[in-house]
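Undergrad: Structure below; questions to follow.
Residue numbers (full-length UniProt numbering), protein chains in the order written: chain A, 1 to 276; chain B, 1 to 303.
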């Protein structure tokens with residue numbers, strides 16, 4: 001790392017990365033500035049880079065103008081339900097596909113994977129009809145339901161279990177554990193890194209998703225933050241600073257998660273691809 | 001249930017695991033059948049149906065397919081989506097540059113740079129779209145202010161058809177760059193150091209090494225990225241929806257195929273026609289992916 005011979009100070013590299021990095025971060029910084037400005041400052045030409053007085057009251061104003069708190073709770077509940085449900089179901093199914101013998105395994109696994117090739121628009125209308133039949137429109141269950149059953153999560157977990165040593169299971173089996181006990185007490189707890197990759201991808205997809213909740217949760221106070229932000233634009237058109245404060249708060253939880261768990265998140269995303 | 005310890009007995013027609021695979025697979029499979037397998041079938045059937053406003057459906061034969069052929073919004077939406085995807089694909093060479101800078105051995109502050117470059121990957125598309133909408137605002141946006149400094153009168157980015165598509169594409173490029181950098185960085189780290197040392201011994205300079213070692217060995221990652229970028233590009237919706245707004249008069253000339261699908265299915269309530277559009281999206285993505293796999297033999301190096 002600090003090999004004196006090879007590490008000349010690389011001014012050009014740092015300059016390029018700093019300029020590029022500034023372009024990537026500029027929208028976030030600008031959003032923060034606008035969220036602490038007055039309406040007049042936001043709409044001024046030339047732009048007001050430094051607000052005269054920081055307008056902190058734009059943040060509490062979000063809660064008064066829109067059902068932000070309800071949407072936050074819904075978004076969080078949907079995300080937790082999807083992450084927990086997916087981790088359990090995908091780990092179980094991935095374990096069966098990786099470690100058990102049964103007739104039709106190959107065909108069944110291929111069928112599950114085929115879901116990944118199909119764009120989600122193909123599923124959307126019938127999924128809506130099912131959720132409607134179940135009476136789950138405008139509920140956390142309805143928003144979370146289809147996302148719990150993930151072919152991609154199953155694929156990742158299968159890959160993971162394929163790579164684990166068999167000796168662990170054999171030892172458990174000799175001790176008289178049945179397959180469920182072997183899975184739940186031995187294999188699942190040893191799957192941390194893979195489970196966290198699935199959890200991170202699911203949390204991102206769930207927190208940031210727009211179209212599905214837009215379709216199944218149409219009431220302002222029952223929907224998610226992404227939908228709330230996109231459909232409240234009209235009400236906000238004259239109050240840009242509050243809109244910026246709302247969108248900043250909507251992004252903040254996952255950004256904090258990213259900065260805290262940076263390495264894990266990058267590894268998880270490197271796995272992803274298909275989930276974009 | 002079963003409690004077999006000693007020699008695994010074979011049960012009729014079942015493997016050594018007895019009924020356990022069913023226990024492990026049933027929870028996932030019930031959902032997969034209900035929410036994925038059945039919907040595929042249902043969408044295919046719906047594409048031959050006509051829907052009345054009260055949800056009743058009748059067999060309509062190829063009616064929806066005929067409508068598709070005569071719909072002038074479709075070619076425009078395909079073109080818009082293709083233009084968007086092409087612009088976002090331009091991000092891949094940029095990402096190659098960024099990834100090779102970021103993965104240099106012994107680079108200081110690399111974690112700091114990672115935070116800067118990866119932040120858009122974890123941020124909500126709708127929320128960033130709202131910010132970009134402000135940045136592209138025709139009257140007080142930063143973009144038009146910057147253009148005015150060099151004497152250019154900036155366009156009405158969000159309400160003029162081609163300009164708005166360009167603005168959405170730039171934001172799409174910005175937001176898809178991080179994932180590309182992450183995947184390419186993983187690819188770069190998989191290139192063995194010895195190859196560079198060997199190239200150095202052969203007298204190859206930095207540029208020569210980049211062109212003869214890095215790029216060829218990176219082609220599998222680049223190919224993978226092109227596939228997923230094209231697939232994601234053809235599913236453009238969130239950015240368009242949030243940056244443009246539903247009431248935008250330019251939407252008719254800027255909309256993507258998925259936006260068209262959404263508005264037919266959930267605003268016009270014509271599920272039959274929307275199903276045909278969904279199948280069209282499937283077909284286009286299938287053809288593009290197939291073409292890319294065909295062409296890859298000429299330029300992707302595996303070893």
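For every residue, glycine included, the Cβ atom is placed at its ideal position computed from N, Cα and C. Nothing here was measured: the structure is a model prediction, and the numbers come from that model.
1) Could you check the C-alpha separation between residue 1(A) and residue 93(A) for me, to the nearest Å?
2) Starting from the C-beta of residue 77(B), find all residues in its chain whose C-beta is less than 8 Å away, skip the five residues before and the five after it, and write them out in chain order.
3) Are residue 148(A) and residue 85(A) closer than 8 Å when you measure CB to CB?
4) Closer than 7 Å: is that where the CB of residue 270(A) sits relative to any heavy atom of the ligand SAH?
5) Determine contact between the region 36-52 of chain A and the region 194-207 of chain A, defined as no fewer than three beta-carbon pairs at a distance below 8 Å.
6) Consult DSSP for residue 49(B) and reduce its assignment to one of helix, strand or coil.
7) Look at residue 216(B) and residue 301(B) and say whether their C-beta atoms are less than 8 Å apart.
8) Just the chain B side, please: which residues come within less than 7 Å of residue 125(A) by C-beta, in chain order?
9) Consult DSSP for residue 59(B) and reduce its assignment to one of helix, strand or coil.
10) In terms of residue numbering, what span does the alpha helix (DSSP H) encompassing residue 64(A) cover?
11) Give the straight-line distance between the Cα atoms of residue 142(B) and residue 22(A), rounded to the nearest whole angstrom.
12) Sorted by chain position, which residues of the same chain lie with C-beta nearer than 7 Å to residue 207(A)'s C-beta, five sequence neighbours on each side aside?
13) With DSSP run on the structure shown, which of helix, strand or coil describes residue 139(A)?
14) Can a CB atom of chain B be found closer than 8 Å to the CB of residue 2(A)?
15) Could you compute how far the alpha carbon of residue 273(B) sits from the alpha carbon of residue 264(B)?
16) Which same chain residues, not among the five before or five after residue 121(B), have their C-beta less than 8 Å away from its C-beta?
17) Could you tell me the distance, in whole angstroms, from the CA atom of residue 74(B) to the CA atom of residue 119(A)?
18) Rounding to the nearest angstrom, what Cα-Cα distance links residue 230(B) and residue 181(A) in this structure?
19) Is residue 146(A) close to chain B, meaning its C-beta is less than 8 Å from at least one C-beta of that chain?
20) Verify whether the separation of the beta carbon atoms of residue 43(B) and residue 49(B) is less than 8 Å.
21) Can you list, in chain order, the residues of its chain whose CB lies under 6 Å from that of residue 36(A), leaving out five sequence neighbours each side?
22) Using beta-carbon positions only, say whether residue 218(B) and residue 187(B) come within less than 8 Å of one another.
23) If the cut-off is 7 Å on Cβ atoms, which residues from the region 225-253 of chain B count as contacting chain A, listed in chain order?
24) Any beta carbon from chain A within less than 8 Å of residue 11(B)'s own beta carbon?
25) Residues in the same chain with beta-carbon distance under 6 Å from residue 195(B), minus the five sequence neighbours each way, listed in chain order, please.
26) Ignore the nearest five residues each way along the sequence and tell me which others in residue 91(B)'s own chain have a CB closer than 7 Å to its CB.
27) According to DSSP, is residue 299(B) helix, strand or coil?
28) If you drop the 5 nearest sequence neighbours on each side, which residues of the same chain put their C-beta closer than 6 Å to that of residue 138(A)?
29) Buried or exposed: residue 269(B), going by 16 or more other Cβ atoms within 10 Å of its Cβ?
30) Can you pull the chain A neighbours of residue 256(B), defined as C-beta to C-beta under 7 Å?
TA: Let me lay it out:
1) As a first step, residue 1(A) must be located in the first chain, where it is residue number 1. As a first step, residue 93(A) must be located in the first chain, where it is residue number 93. With a pLDDT of only 43 at residue 1(A), under the threshold of 50, the placement of this residue in the model should not be trusted; the figure read from the coordinates follows. Residue 1(A) and residue 93(A): Cα-Cα distance of roughly 42 Å.
2) Translated into positions along the second chain, residue 77(B) becomes position 77. Contacts found: 255, 256, 257, 259, 260.
3) Along the first chain, one-based indexing puts residue 148(A) at 148. Along the first chain, one-based indexing puts residue 85(A) at 85. Yes.
4) Of the ligands one can find in the structure shown there are none, so the ligand SAH has no counterpart to examine.
5) no
6) To locate residue 49(B), count along the second chain from 1; it is residue 49. Strand.
7) In the second chain, the residue the question calls residue 216(B) occupies position 216. In the second chain, the residue the question calls residue 301(B) occupies position 301. Cβ distance < 8 Å, so residue 216(B) and residue 301(B) count as in contact.
8) As a position in the first chain, residue 125(A) is number 125, starting the count at 1. Those within 7 Å of residue 125(A) in chain B are 43, 46, 265, 271, 274, 275.
9) Mapped onto the second chain, residue 59(B) falls at position 59. Here residue 59(B) sits in strand by DSSP.
10) Locating residue 64(A) in the first chain gives position 64, where the first residue counts as 1. Counting along the chain, the alpha helix (DSSP H) containing residue 64(A) begins and ends at 58-65.
11) To locate residue 142(B), count along the second chain from 1; it is residue 142. To locate residue 22(A), count along the first chain from 1; it is residue 22. Spanning the two alpha carbons is a distance of roughly 15 Å.
12) Locating residue 207(A) in the first chain gives position 207, where the first residue counts as 1. Around residue 207(A): 75, 79, 254.
13) As a working note, residue 139(A) is residue 139 in the first chain. Here residue 139(A) sits in coil by DSSP.
14) Mapped onto the first chain, residue 2(A) falls at position 2. Because the pLDDT of residue 2(A) is 44, which lies under 50, any placement of that residue in the model is unreliable, and the number read from its coordinates should be weighed accordingly. Chain B contact via Cβ: present.
15) As a working mapping, residue 273(B) is identified with position 273 in the second chain. As a working mapping, residue 264(B) is identified with position 264 in the second chain. About 7 Å.
16) As a working note, residue 121(B) is residue 121 in the second chain. Around residue 121(B): 175, 178, 179, 182.
17) Indexing the second chain from 1 puts residue 74(B) at position 74. Indexing the first chain from 1 puts residue 119(A) at position 119. Distance between the alpha carbons of residue 74(B) and residue 119(A): 18 Å.
18) Against the second chain, residue 230(B) aligns to sequence position 230. Against the first chain, residue 181(A) aligns to sequence position 181. Looking at the two C-alpha atoms, the distance is approximately 43 Å.
19) Here residue 146(A) corresponds to residue number 146 of the first chain, with the count starting at 1. Yes, residue 146(A) lies at the interface with chain B (some Cβ there is under 8 Å from its Cβ).
20) Numbered from its first residue, the second chain carries residue 43(B) at position 43. Numbered from its first residue, the second chain carries residue 49(B) at position 49. No, they are not a contact pair.
21) Taking the first chain and counting its residues from 1, one reaches residue 36(A) at position 36. Excluding residues within five positions, the ones whose Cβ falls inside 6 Å are 51, 54, 55.
22) Here the question's residue 218(B) lines up with position 218 in the second chain. Here the question's residue 187(B) lines up with position 187 in the second chain. Cβ atoms of residue 218(B) and residue 187(B): closer than 8 Å.
23) 228, 232, 235, 237, 238, 241, 242, 245
24) To locate residue 11(B), count along the second chain from 1; it is residue 11. Since pLDDT at residue 11(B) reaches only 47, below the 50 mark, its modelled position is unreliable, and the value read off the structure follows with that caveat. Closer than 8 Å: no.
25) Locating residue 195(B) in the second chain gives position 195, counting from the first residue. So the qualifying residues of the chain are 213.
26) The residue labelled residue 91(B) in the question sits at position 91 within the second chain. Here the set comprises 173, 176, 177, 180.
27) For the purposes of this step, residue 299(B) is taken as residue 299 along the second chain, with counting starting at 1. Three-state result, residue 299(B): helix.
28) Along the first chain, one-based indexing puts residue 138(A) at 138. These residues qualify, in order along the chain: 217, 219, 222.
29) Sequence index remark: in the second chain, residue 269(B) carries index 269 (1-based). Burial call: exposed.
30) Here the question's residue 256(B) lines up with position 256 in the second chain. Going along chain A, no residue has its Cβ under 7 Å from residue 256(B), so there is no contact; the nearest lies around 11 Å.
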